[in-house]
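Engineer: Residue numbers (full-length UniProt numbering): 1 to 630.
This structure is in structure tokens; I'll ask about it shortly.
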């Protein structure tokens, strides 16, 4: 059946379901969604459950869009006349591509109204579909720039989504049934995550990252026949925004990829921010940048965001669902449903199976699961991290002792995830008098990353949301935090009073941390505290191993006399105990488990232990291997 025939059949089914009086003028696939165009959006708004009924009966993601959208200026006036003034509307963002208006308000509940009555009234008045979010406590320039850019390319994006929608919903022509996974990176190593899922009908790439600290083999094996040409890919799926998983996605567009990139909304925004910063860092270190900001913009234009739990067609024979991974903001376990119940496979990305200050634990229950690819960063038999409380107490002790002797504490941290965890711990330490009330300087992209966290409060755990929105205590807005936004202020911090400095990069492979280390490293009164994983080959790992003289270019050397401390309990990765606990609680139990994203001895150790305890078939794959699942 050709696409036009399929759309006509769907239109006939819709007309049988909708009440008389509602005219369906057209239906069209746009990305993974079926868009219903109508002249009667107000009647749709009156039928509160109609869209749910259509989605259930048609087994599609349904969007209703009016044929003619109200002028945004007039629509904005209508919204403000309908919504009570005490809602505190701070911004309205009209997206012609989706027919949605994003309403930012200090009190979202007032905008929604009892049982959604105010939202329905808005739809009846303007036709646009209202979506309500809470006004972020900290404004994110990244989020605003992305929204503005997507609005500027709305026509191109609409054409792209229509083309992708038709590709997704094309007829399945091959009668063979098989599923293969090819490992293109991240096996028996940490970094350059990339995995290719292949069926007779489709190809999907999961992640495309760089390898920290590596020059010779820093990119995935993107040139192998299985993935060539890149135009043959149906989709790219991002588990989260750390560079070892997302840095090289724009490179795909440079070399011919034309399809969509699926992620959660926070992952799209964070990865865009980090990719642009990655280009700046590489440009300072070498003349050879892998791609330009043009490819980053192309990635944004081709991004399709999905929320946790939303089952979505991404190929004729593949459905994708994201589940919380508990690692960083928006991190997801990617669950793929292949065929009509043929096979189910999941990729954890990086995950944390314990509650943190920021996030709930990773999801371990799925509708079906035959195979699992799981990270093994701390998969070794001796990789046990301290409890979070113990790690925080050790941090307080180190900070207190350093400040007392007149020193400064440098905390190298990833801008996304670890920085916010450490910020929350230090804020509470000062508030509850567990450490001295010192200034905490934030250098690098930490403030902007934190602003993106406040843009998506629904991805934070309930305790933190309640603390911010119900108790009125937002720890990210503490007076203790000071943003370092100029070289002159950085010099004042270095020469000034005892303090704490949280700065990027987390593995000391570039970024502002190098200036602090160079200036403060020789003074034994100071301290360097690691709060995240240090990959092999990085400067951070060398210092952990005891290096005390670090070459800096051809002529300079950094002398390390300061105290070196490590607080593993802040990691966003599960330790050995949590990894085994995760497997024990998997529902349902998979037939196969592949241990990836870890040093060779750790992936082998974890695979062996899982098999011995649970008698599940396990593999510690090498790069460039292909496994047939069915």
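Where a beta carbon is used, it is the ideal one built from N, C-alpha and C, also for glycine.
1) For residue 570, does the three-state DSSP call read helix, strand or coil?
2) How big is the Cα-Cα spacing for residue 277 and residue 12?
3) According to DSSP, simplified to helix, strand and coil, what is residue 507?
4) Sorted by chain position, which residues of the same chain lie with C-beta nearer than 8 Å to residue 298's C-beta, five sequence neighbours on each side aside?
5) Figure out for me which residue from 177, 157 and 454 has the closest Cα to the Cα of residue 630.
6) Restricting to Cα atoms, I'd like to know which of 99, 370 and 427 is closest to residue 37.
7) Under 8 Å, with one C-beta from each stretch per pair, do the region 136-154 and the region 25-40 reach the 3-pair mark?
8) Between residue 374 and residue 537, what straight-line distance do the alpha-carbon atoms span, to the nearest angstrom?
9) Can you grab the Cα-Cα spacing for the pair residue 613 / residue 189, in whole Å?
10) Measure from the alpha carbon of residue 628 to the alpha carbon of each residue in 354, 345, 442 and 474, then state which is nearest.
11) Out of curiosity, what's the CA-to-CA distance linking residue 125 and residue 15?
12) If we ignore side chains and look at the alpha-carbon of each, how far apart do residue 82 and residue 73 end up?
13) In or out: residue 585 buried (at least 16 other Cβ within 10 Å) or exposed?
14) Return the residue from the list 378, 34, 457 and 421 that minimises the CA-CA distance to residue 603.
15) Judging by CA-CA distance, which residue of 50, 417, 583 and 127 is the nearest neighbour of residue 358?
16) According to DSSP, simplified to helix, strand and coil, what is residue 61?
17) Looking only at C-alpha atoms, which of 597, 356, 526 and 609 sits nearest to residue 404?
18) Please report the residue range of the alpha helix (DSSP H) in which residue 576 lies.
19) Taking 7 Å as the limit between beta carbons, can you name the residues of its chain near residue 451, skipping five residues before and five after?
20) When you compare only the Cα positions, how much space is there between residue 563 and residue 620?
21) Where residue 355 and residue 467 are concerned, what is the direct C-alpha to C-alpha distance, given to the nearest angstrom?
22) Can you list, in chain order, the residues of its chain with a C-beta nearer than 6 Å to that of residue 3? Leave out the 5 residues immediately preceding and following it.
23) So, residue 520 versus residue 494, is the Cβ gap smaller than 8 Å?
24) Comparing C-alpha positions only, which one of 523, 571, 290 and 461 sits nearest to residue 506?
25) So what does residue 66 bridge to, in DSSP terms?
26) If we ignore side chains and look at the alpha-carbon of each, how far apart do residue 561 and residue 321 end up?
27) If you measure between the beta carbons of residue 17 and residue 46, is that distance less than 8 Å?
28) Closest by CA to residue 457, which one among 259, 469 and 237?
29) Rounded to the nearest angstrom, how far is the Cβ of residue 513 from that of residue 567, given a contact under 8 Å?
30) Is it buried or exposed for residue 21, if we count other Cβ within 10 angstroms and need 16 for buried?
31) Is it the case that the region 263-283 contacts the region 438-449, given that we only count it when at least three CB pairs across the two stretches are under 8 Å?
32) Going by C-alpha to C-alpha distance, which of 485, 76, 115 and 121 sits closest to residue 102?
33) Tell me the residue span of the beta strand (DSSP E) that contains residue 487.
34) What three-state label does DSSP hand residue 300 in the structure shown?
Structural biologist: Looking at the atomic coordinates:
1) As a working note, residue 570 is residue 570 in the chain shown. Helix at residue 570.
2) Numbered from its first residue, the chain shown carries residue 277 at position 277. Numbered from its first residue, the chain shown carries residue 12 at position 12. Rounded to whole angstroms, residue 277 to residue 12 spans 50 Å at the Cα level.
3) Looking up residue 507 in the chain shown gives position 507. Coil.
4) By 1-based counting over the chain shown, the position of residue 298 is 298. Hits under 8 Å: 250 and 253.
5) Start at 1 with the first residue of the chain shown, and residue 630 comes out as number 630. Residue 177 is the option with its Cα nearest to residue 630.
6) The residue given as residue 37 occupies position 37 in the chain shown. Nearest C-alpha to residue 37: 99.
7) no
8) Reading the chain shown from its first residue, position 374 is the one you call residue 374. Reading the chain shown from its first residue, position 537 is the one you call residue 537. Each residue's Cα considered, the two are about 23 Å apart.
9) The residue given as residue 613 occupies position 613 in the chain shown. The residue given as residue 189 occupies position 189 in the chain shown. About 24 Å.
10) Position 628 of the chain shown, counted from the start, is the residue given in the question as residue 628. Of 354, 345, 442 and 474, the residue nearest in Cα terms is 345.
11) Numbered from 1 along the chain shown, position 125 holds the residue referred to as residue 125. Numbered from 1 along the chain shown, position 15 holds the residue referred to as residue 15. If you take the alpha carbons of residue 125 and residue 15, they lie about 24 Å apart.
12) Here residue 82 refers to the residue found at position 82 of the chain shown. Here residue 73 refers to the residue found at position 73 of the chain shown. Roughly 15 Å between the two C-alpha positions.
13) Working through the chain shown from its first residue, we reach residue 585 at position 585. Classification of residue 585: exposed, given that the 10 Å Cβ count is below 16.
14) If you number the chain shown from 1, residue 603 lands on position 603. Cα-wise, what sits closest to residue 603 is 378.
15) For the purposes of this step, residue 358 is taken as residue 358 along the chain shown, with counting starting at 1. When each option's Cα is compared against that of residue 358, the closest is 417.
16) The residue you call residue 61 lines up with position 61 of the chain shown. Strand, per DSSP.
17) Numbered from its first residue, the chain shown carries residue 404 at position 404. With distances taken between Cα atoms, residue 404 lies closest to 526.
18) Residue numbering aside, residue 576 sits at position 576 when the chain shown is read from its first letter. 576-584 is the extent of the alpha helix (DSSP H) around residue 576.
19) Residue mapping note: residue 451 aligns to position 451 of the chain shown, counting from 1. Cβ within range, chain order: 136, 138, 139 and 140.
20) By 1-based counting over the chain shown, the position of residue 563 is 563. By 1-based counting over the chain shown, the position of residue 620 is 620. About 37 Å.
21) Here residue 355 is taken as the residue at index 355 of the chain shown, counted from 1. Here residue 467 is taken as the residue at index 467 of the chain shown, counted from 1. Approximately 16 Å between the Cα atoms of the pair.
22) In the chain shown, residue 3 corresponds to position 3, counting from 1. Within the same chain, residue 3 has close Cβ partners 166.
23) Walking along the chain shown from the start, residue 520 turns up at place 520. Walking along the chain shown from the start, residue 494 turns up at place 494. In this structure, residue 494 lies closer than 8 Å to residue 520 by Cβ.
24) On the chain shown, position 506 is the one that residue 506 refers to. The candidate whose alpha carbon is nearest that of residue 506 is 571.
25) The residue labelled residue 66 in the question sits at position 66 within the chain shown. In the DSSP output, where bridge partners are listed per residue, residue 66 has 38.
26) Stepping through the chain shown from its first residue, residue 561 is reached at position 561. Stepping through the chain shown from its first residue, residue 321 is reached at position 321. Taking the straight line joining both Cα atoms gives about 49 Å.
27) On the chain shown, position 17 is the one that residue 17 refers to. On the chain shown, position 46 is the one that residue 46 refers to. No. Outside cutoff.
28) As a working mapping, residue 457 is identified with position 457 in the chain shown. It is 469.
29) Start at 1 with the first residue of the chain shown, and residue 513 comes out as number 513. Start at 1 with the first residue of the chain shown, and residue 567 comes out as number 567. With 8 Å as the limit, residue 513 and residue 567 do not qualify as a contact, their Cβ atoms being about 16 Å apart.
30) In the chain shown, counting from the first residue as 1, residue 21 sits at position 21. Residue 21 should be labelled exposed.
31) yes
32) Here the question's residue 102 lines up with position 102 in the chain shown. Among 485, 76, 115 and 121, the Cα nearest to that of residue 102 is on 76.
33) By one-based count along the chain shown, residue 487 stands at place 487. Note, residue 487: premise wrong, no beta strand (DSSP E); alpha helix (DSSP H) at 487-495.
34) Here the question's residue 300 lines up with position 300 in the chain shown. Residue 300 falls in the helix class under three-state DSSP.
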